[in-house]
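Notes for the one structure printed next.
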Amino acid sequence: MSYSVQNIRNVCLLGHSGSGKTALAESLLYMTGAIDRMGRAADGNTVCDFDPEETKRQISLSTAVAPLEYKGCRINVLDTPGAFDFSGEVMEALRAADAAIIVCSAKDGVSVGLEKAWKYCEERNMPRFVYISKTDEDNSDYNATFDALRERYGKKIAPIVVPIWDDGKKVTGIIDVLNKRAYEMQNLKRVEIELPADKAAVVDEFNDALKESVAETSEEFMEKFFGGEDFTYAEMIQGLRQGVRDLSLFPVLCGSALTCMGSLMLMDNIADLLPNPMEGNYHKATTVGGESEEFVVSPGGVPTAFVFKTVSDQYGKFSLVKVLSGSITPDMPMVNARTGEKVKLGRLYTMRGKKTTEVKELACGDIGAIAKMDIKTGDTLCDERKVVTLKPIPFAEPCYSVAISPKTRGQEDKIAQGLGRLNEEDPSFTVVNNAETHQMVLSGAGDMQVDVLVSKLKNRFNVEAELKPTRVPYREKIRKTVQKQGRHKKQTGGSGQFGDVWIRFEPNPEEEEMVFAEEVFGGSVPKNYFPAVEKGLREACVHGPLAGYPVVNLKAVLYDGSYHPVDSSEIAFKTAAQLAYKAALPEANPVLLEPVGELKVTVPDSYMGDVIGDLNKRRGRVMGMDPTGDGDQVISAEVPMGEMGSYAIDLRAMTQSRGSFTFHFVRYEDCPPAAQEKAIAEAKALADQQ
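Those letters in the sequence shown? Residues 27 to 716, per the working numbering, in order.
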């Protein structure tokens, strides 16, 4: 059935890995009758973790959609991974959601994952609830978690649901603060109970705090509040809803996914307080003429849909879309704003985990999937009467690189094709063939993402890959001028080969490419052999004298030589030039040049000392520090590329995953002696292997 936009809620579950997001989604599905038994991540049978990799690792690796119906509302729950290597999936979910539920476990309090989720919401002005999970498990402490939230995010943190403890401090039920009613769970069914007498004062206090928050949402409510009048239930809901939309209120709920405690109350509040897609975040669109305009979500507008995720399995490819205007139907002609091509929509589905249900229409604000279409994540599908491009999903720049190659020779194409298919699903990683180091370089967010990709290559595309560190593209140059003769003389039966050159090799810091010049007098080397000499030198420059890296900043001047009227040939002069090169360069004081990049690290103030100390060990030069204004600092430094191999993993360890960085090549610099020796030894070891 199709829902009107007012009755649709798109919410994403965010939070630290292991905080219970997938279990919460499972309990919401169970309580609304969408599934008839609860799965568990440990058993690998939950709705949202259906990929073989997820069941094997028992964590979410990608965003899953779980729609459910509740009290005339369609709630599309987007369950996101908590592991930081998969933040690309979170970016996709944030684009499709209109609000977030940040899940934090009563055992862990304010974790890094919660901080990151909060930051993502702040950047997008996204309304949010905080749901404290696992309240009834051993070692859980609701009060400590709630106090930590209050301390971190201030008075805007408003409890709407609070737990009831027995004498042994075990949580047995929950209280709806707004309605002052108490409930407990009996065999996964919710039963209303008497409000415990000892909780009345606490509930009154929280209820008064909610009234105060509601009063602050409008002048009229403020007057009523100070006049000592009580708000009606409808006014309370209206005020709370307004506070949630204005981001002046962040309701806190709690419960337990295993017993489904608090799940119905969470859905009541999603339906009552969270915005519908028309009230959600406004979108910026770019018209065909390149102008930027505000995009209005409207059921009466011309059809527009945004592709926020791609899923492919053995049955084919599904493009997950959010309809932002009008409604879409199968076979509808549309325009892909990225390519300008007209496309005809395929069959439409709603997806619940991996289960697809075909539908005849997707209404404005709803989330669904289009099958077997040649479209990519981030594409905007529009009616040809109004073609606009919505801004792409802001994936973080990949910062962890490894070289990937097949275990069996000759399967390079198979790896490239497999990664190409996986890249459709996960655009947050890149694959580049580095012509200079002859490696296929895979770059992602961290070792876990790379590990999952290698595993998927094996299981889905039947190709085994191995990983190695990426090679650093060093260069070589000379520091003094040397002149050498190159003489090639070969006598075989018949005509021989003869070429004789004198070449001066000198440093040339202005030009990276080799510069060839000639100062030959009196025709000692005929002009028609100059190109052969130059060609011989250019081929020789690919391998330097120290470690076989390309030679740069070199000028070679041909100034003398001799030739034989019969035996001289182009090949003889080419060989002679290479002999001169080989004789001269080792004597020309050669040095290795290493690539240096600009590093920008964003870390909380408290980790500054550790991070800077570590950069010094990596031969980094700190260039400056800029506060971001929210307790973070951006450290700018220049660091040799050879010292950055494991930085993504090391920075995580140093900052408990709170730090992030970007790194871009700037220039080449002379390599210090110790680093040069190490690089030469590595190059020799590599040459011996081959």
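By construction, the Cβ of each residue, glycine as well, lies at the ideal position given by its N, Cα and C atoms.
Exposure of residue 253, with buried meaning 16 or more beta-carbon neighbours within 10 Å:
Label assigned to residue 253: exposed.
Length of the line joining the Cα atoms of residue 360 and residue 410:
6 Å
Please go through the segment 351-393 and give each complete beta strand (DSSP E) segment of 3 or more residues, from N-terminal end onward.
359-362, 368-370, 374-378 and 381-385
Using the Cβ count rule (16 or more neighbours within 10 Å means buried), how would you classify residue 599?
Looking at its Cβ environment, which holds 16 or more other Cβ atoms inside 10 Å, residue 599 is buried.
Are there three or more Cβ pairs, one per stretch, closer than 8 Å when the segment 583-600 is compared with the segment 545-555?
Contact between the segment 583-600 and the segment 545-555 is present: 3 or more CB-CB pairs across the two stretches fall below 8 Å.
Distance CB(residue 94)-CB(residue 55) smaller than 9 Å:
yes
Give me the DSSP bridge partner(s) of residue 621.
Beta-bridge pairing links residue 621 to 694.
Go to residue 126, then tell me how far its beta strand (DSSP E) extends in each direction, as first and last residue.
125-131
Taking the alpha helix (DSSP H) that residue 482 falls in, what are its first and last residues?
Its alpha helix (DSSP H) spans residues 473-487.
By Cβ distance below 6 Å, which residues in the same chain neighbour residue 71 in space, the five residues on each side in sequence not counted?
65
Contact the segment 318-325 vs the segment 349-367: 3+ CB pairs below 8 Å:
yes
Given this structure, state the Cα-to-Cα distance separating residue 657 from residue 407, to the nearest angstrom.
40 Å
Opposing strand residues paired with residue 104 [DSSP bridges]:
38 and 91
Helix, strand or coil, according to DSSP, for residue 535 in the structure here?
coil
Touch check for the segment 624-640 and the segment 669-686: three-plus C-beta pairs under 8 Å?
yes
Rank 213, 125 and 284 by C-alpha distance to the C-alpha of residue 159 and give the top, closest one.
The candidate whose alpha carbon is nearest that of residue 159 is 284.
Does the beta-carbon of residue 575 have 16 or more other beta-carbons within 10 angstroms, so that it is buried, or is it exposed?
buried
For the beta strand (DSSP E) containing residue 262, list its first residue and its last residue.
Taken as a continuous stretch (DSSP letters only), residue 262 belongs to no beta strand (DSSP E), being part of the alpha helix (DSSP H) at 259-272.
Closest to residue 133 by CA distance: which of 528, 109, 45 and 644 is it?
45
Report yes if the C-beta distance between residue 216 and residue 280 is below 9 Å; otherwise report no.
no
C-beta atoms of residue 376 and residue 397 nearer than 9 Å:
no
Sub-9 Å separation of residue 514 and residue 602 beta-carbons:
yes
At 4 residues or longer, what runs of the alpha helix (DSSP H) sit wholly inside the segment 114-200?
You should have 138-150 and 168-179.
One question on the structure: do residue 428 and residue 401 come within less than 9 Å of each other, judged by their Cβ atoms?
no
Among residues of its own chain, excluding the 5 on either side of residue 228, which ones have a beta-carbon nearer than 8 Å to its beta-carbon?
Here the set comprises 188.
Would you identify the three-state DSSP class for residue 467, choosing helix, strand or coil?
strand
Using a C-beta cutoff of 9 Å, does residue 281 count as contacting chain D?
This model lacks chain D altogether; it includes just one protein chain.
Own chain, CB closer than 6 Å to residue 385, minus 5 neighbours either side, in chain order
374 and 376
By DSSP, does residue 459 sit in helix, in strand, or in coil?
strand
If contact is defined by three or more beta carbon pairs under 8 Å, each pair taking one atom from either stretch, is the segment 525-540 in contact with the segment 617-636?
no
Excluding the 5 residues flanking residue 167 on each side, which residues of the same chain have their C-beta closer than 7 Å to its C-beta?
132
Answer with buried or exposed for residue 669, where buried requires no fewer than 16 other C-beta atoms within 10 angstroms of its C-beta.
buried
Could you tell me which residues DSSP pairs with residue 338 in its beta bridges?
343
Using the Cα positions of residue 40 and residue 382, report the straight-line distance between them to the nearest angstrom.
Approximately 24 Å between the Cα atoms of the pair.
With a cut-off of 8 Å, do at least 3 Cβ pairs link the segment 480-499 to the segment 555-564?
no
Taking the beta strand (DSSP E) that residue 415 belongs to, which residues open and close that run?
For residue 415, the enclosing beta strand (DSSP E) begins and ends at 414-416.
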